[in-house]
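Per the working numbering, the sequence shown runs over residues 4 to 608.
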Amino acid sequence: MIYDRQKHWQFLEDELKAEVDEFNEKLNTSASYMLLETAELFTAQFLSFNESGEMICKLSRKRPTPRKGEYLYCMTLHKELRNYKNWGDRTYGDLVKNKTNYTEAICIWMSTSNDPDFILAGFKGVDFEFAEWIKDTPGVVLVLGPNRPPYEYLAHLQQLVLNNHTLSCSSIIDQDFEETKSIEPILLDGSRDVASFIDTQLNLSPVLALQGPPGTGKTYQIAKLCKYLCAKGKSVLVTALTNRALMEVAGKSSLSEMIQNKQVYKTKITSDESKEIPSLQLEKDVTPKKGCIVLATFFVSSGVAAELASETPFDYVIVDEASQALLAMLGAARLLGKQVVFVGDTNQLPPVVQLKKSKIRDNNYLRLVEGLDAVTNNGAMPLYQLTESFRLCNRAVSYTNFFYNGNLSSKSKMRFTDIPNLFFMHKEGGPSLIKTDMGIGDLAPESALKLTLAVVASLVSYNSKMEIAVLSCMRKTVRELQKTINSHIKNTNLIIDTVARVQGLTTDVCIFVIPNTNYLRSLEPRLFNVATSRSIIQTIIITDKEILDYSRMNINVRQYLEKLEQDYSFYCPYNGNKVLKLPTDNIKIINYILYEYIRTCRQIC
C-alpha cells in the first residue's frame, strides 16, 4: 500500500486534533479535583538546588505524589493562589493563565524528610532562567501539572509531507508498504566491529536499520559509531524522542575525549545536564560541523527538516529510539542526512499517540504510526540485529528469545551469589511467576498490592541498595501501588511506574503486576517484552491464577507464561474479606505478611 501525501497529512491532522482535545479537557477540569481526586496536579514547596543541579522540593505525604520520570509543567502563581484552598472553582487552565513563571520539570527521585508529614523530591530538566529566578526564594509554592503536548512536532511533520520536492524524504514515506511474509535480520555478534561494519554497509545502501533487543548495547554502539565517523571528519546528527536518550549517548565513555575537546553539541541544555556533563556544548541552530556530533530531539530535528529547501546538511544521521518515531519523522531524518541509521526495536514500544485504535484501524493509519515497523517489514532496506545481551542472564534470555526467534545469547556477568535467598527468587536468576486471587475488573486488587509490598520489603531488607522497579500497564494500578508501597518503604532506589514510561530502563529486580482486567493491554506482546526484560537479576510476575485461560493471548506471550508456570511458579491464595493492617517497620511487614499470607504460597511445579 502507498499512502498519498494528503492522507499522510490527514493522519497528522487527526492526531493533532486528538492531542488538542485531550489537553483541552484537562485545562477545563477543576484544579481542586485534579489535585485531590485524580492525582494529576501537585503542590510542592521549593527548597534549593543540589550540587547536581536538581531542584529539591517538599511534598505532603497526605496526597499522591508525581511519578518518577513524569514530565510536568511546573509554575509559580500569584500569592493569593499559592494555597489550594483559595482556588475555588478555578480550572487548571485558569491557574496556567495566572502563572508568574514556569518551566518543564521531571521528577527523578523521592526520599524521606526530617518532617514525617512530608517527603523530599528531586526534579531535573529545569530551565536555566527559571532556576536563576527561583534559587533565591526558598519556600515558594510550586504547582505541577500536565505538560502541554508538543503540537509543533506534528505541525513540522505536516509541513514536511506536503513538500513534494524532497526526493530523499520520498524514498522513506512514499514506499509501497505491502508487508512481506518474513524479513529475517542479518545477525551481528561480538566478533564484528559494529561501527566499521555499519559504515561499510552504508556505502552500499544509504539507509539501514539496526535492531537492538533488550540489553544488547544500542546506546553503546551508537556512541562508538559516532566516534568512528567523527574521526573520519564527518558531521553527525543524533536525534531521539527524549533528551534522556541523548544524554545517555553523550555520557558513554567512548565519547569522553570528544566531550573534553568540545566536539559534542546539544540543543537546549538544562541546569542539571550542564552539571552532569559540564563540557557539553550548547547548539542553537542545528548546523553540521565536521568531526563533531550534534544531539537534538525529534521535536527540534523535525523543525529543521521542515524548513530545508533541498540541501542535505549532515553526512550522517543516527535515529535513536527509532521504534518510537512516526513514519514522517523517519522521512525527516532521511532529509537531514546523506546516510541514515535507524536504531530501535520493533519488538518494544511503538510511538504513543492519542488517536483511538479503532480510528487507526478504520483509516488504515497503522504504518504511518509505527514507522520503523513499516520500513523494515517491506524489505526496502537492510536490517541488522545485535544478538548479545549484556543485561539478561542465560535463564532470562531463554524466555525473552520467544520474541526474537531464539537469536539472543547472554553475555551477562551476573554472579549467582548476588541473588537473595528468597523463595520467589530463582537461584539462576531470570523470571518467576506468582499467582494469586484477583477480582475480575479490579485495577487495584488488594491481594496484588499487599503481595507486591511484601516482595519489595523482603528485597529492601536483604539489600537496601538494590535497584527495584515495580511496573504495571495501568495508571490506576500504578497509583495504588505507589500509595501502598511508599507509605511503608522509604527507598530512593525504587521506581514504581507504567511499562510505557520505562523503555531503556535497567534495574536489578523488576516486579510486573498484571491485574485481572484489560489483558489485551497488559499482555500486548511488545509491552510484555519490555516489562519482562528490564532486570539484571530477576523478574517477578504477579498475576491472577486464571491468567492462562485468556483465549486471545499472543502466542509468544503464551509460550513464555506456560513455560514459566512449569518451570518456576507459585500460587498464593488470598482471603479477600480479610484486610491486612500493616505496621510501618520493614521487618515487621515481612514477618507479618509472610506469616499471614505468603506462608500459604505453594509452588506449582
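Yeah, the Cβ is synthetic: ideal placement off N, Cα and C, and Gly gets one too. These numbers come from a predicted model, not from an experiment.
Cβ distance (whole Å) where residue i is taken to contact residue j below 8 Å
i	j	result
residue 612	residue 519	What is shown of the chain runs 4 to 608, which leaves residue 612 out entirely.
residue 500	residue 71	6 Å
residue 8	residue 157	Rounded, the Cβ-Cβ distance is 15 Å, inconsistent with contact.
residue 348	residue 148	About 32 Å separates the two Cβ atoms, so there is no contact after all.
residue 541	residue 435	7 Å
Of the residues the options, the one placed nearest residue i, counting alpha carbons only
i	options	result
residue 10	175, 283, 513, 161	161
residue 130	23, 113, 273, 85	273
residue 574	543, 560, 554, 148	543
residue 74	153, 95, 12, 48	153
residue 202	232, 27, 220, 176	232
residue 88	35, 291, 207, 48	35
residue 330	370, 390, 311	370
residue 460	50, 176, 68, 425	425
residue 311	323, 288, 325	288
residue 63	14, 20, 117	117
residue 391	46, 192, 132, 249	192
residue 220	452, 415, 383	415
residue 492	457, 534, 512	457
residue 481	171, 67, 39	67
residue 280	250, 306, 270	250
residue 432	556, 513, 259, 277	513
residue 397	286, 322, 538, 76	538
residue 172	240, 227, 332, 489	332
residue 48	61, 56, 106	61
residue 295	394, 322, 264	264
residue 344	245, 102, 141, 229	229
residue 132	144, 151, 123, 108	108
residue 234	266, 248, 244, 204	266
Whole-angstrom distance between residue j and residue i, CA atom to CA atom
i	j	result
residue 318	residue 372	27 Å
residue 58	residue 119	21 Å
residue 23	residue 155	12 Å
residue 341	residue 293	14 Å
residue 224	residue 446	40 Å
residue 483	residue 568	27 Å
residue 448	residue 78	35 Å
residue 237	residue 316	11 Å
residue 522	residue 530	11 Å
residue 256	residue 95	44 Å
residue 3	residue 125	The requested residue 3 is not part of the displayed model; the chain covers only 4 to 608.
residue 308	residue 336	8 Å
residue 558	residue 350	14 Å
residue 498	residue 473	6 Å
residue 324	residue 554	32 Å
residue 320	residue 187	24 Å
residue 465	residue 139	41 Å
residue 572	residue 381	40 Å
residue 242	residue 450	43 Å
residue 581	residue 453	For residue 581, the predicted structure reports a pLDDT of 48, less than 50, and the residue's modelled location is therefore unreliable. A value from the coordinates is still provided. Going from the Cα of residue 581 to the Cα of residue 453 covers about 12 Å.
residue 408	residue 387	14 Å
residue 196	residue 227	10 Å
residue 563	residue 399	11 Å
Unbroken alpha helix (DSSP H) run spanning residue i, endpoints
i	result
residue 334	330-339
residue 321	No alpha helix (DSSP H) holds residue 321; the beta strand (DSSP E) holding it covers 317-322.
residue 376	374-379
residue 12	8-30
residue 528	528-534
residue 620	Here the chain covers residues 4 to 608 and nothing more, so residue 620 does not appear.
residue 562	558-570
residue 286	No alpha helix (DSSP H) contains residue 286, which is instead part of the beta strand (DSSP E) from 284-286.
residue 108	Residue 108 -> not in any alpha helix (DSSP H); beta strand (DSSP E) instead, spanning 102-115.
residue 553	Here residue 553 belongs to no alpha helix (DSSP H), and DSSP marks it neither H nor E.
residue 47	Not the alpha helix (DSSP H): residue 47 falls in the beta strand (DSSP E), residues 45-52.
residue 522	522-525
Run of the beta strand (DSSP E) containing residue i, from where it starts to where it stops
i	result
residue 300	296-300
residue 547	538-547
residue 58	58-63
residue 127	121-127
residue 190	189-191
residue 395	Here residue 395 belongs to no beta strand (DSSP E), and DSSP marks it neither H nor E.
residue 36	Where residue 36 is concerned, there is no enclosing beta strand (DSSP E), although the alpha helix (DSSP H) it sits in stretches over 34-39.
Residue i CB to nearest heavy atom of the ligand NAD below 8 Å
i	result
residue 350	The ligand NAD is not part of this structure, which contains no ligands at all.
* To do: Starting from the N-terminal side, write out each stretch of the alpha helix (DSSP H) that is 4 residues or longer and does not extend beyond the stretch 134-179.
  => If only complete runs of 4 or more residues are kept, the stretch 134-179 shows the alpha helix (DSSP H) at 154-164, 170-176, in order along the chain.
* Asked: In chain order, which continuous runs of the alpha helix (DSSP H) of length 4 or greater are located wholly inside the stretch 202-280?
  -> With a minimum length of 4 residues, the continuous alpha helix (DSSP H) runs that stay inside the stretch 202-280 are 221-234, 246-253, 259-263, 274-279.
* Asked: Considering only residues of the stretch 340-370, which uninterrupted beta strand (DSSP E) runs meet the minimum length of 3 residues and lie entirely inside it, listed in chain order?
  -> Correct list: 340-347.
* To do: At 3 residues or longer, and completely inside the stretch 424-466: list those beta strand (DSSP E) runs for me, N to C.
  => Here the runs fully enclosed are 433-439.
* **Those runs of the alpha helix (DSSP H) which lie wholly inside the stretch 473-516 and span at least 4 residues** => With a minimum length of 4 residues, the continuous alpha helix (DSSP H) runs that stay inside the stretch 473-516 are 478-489.
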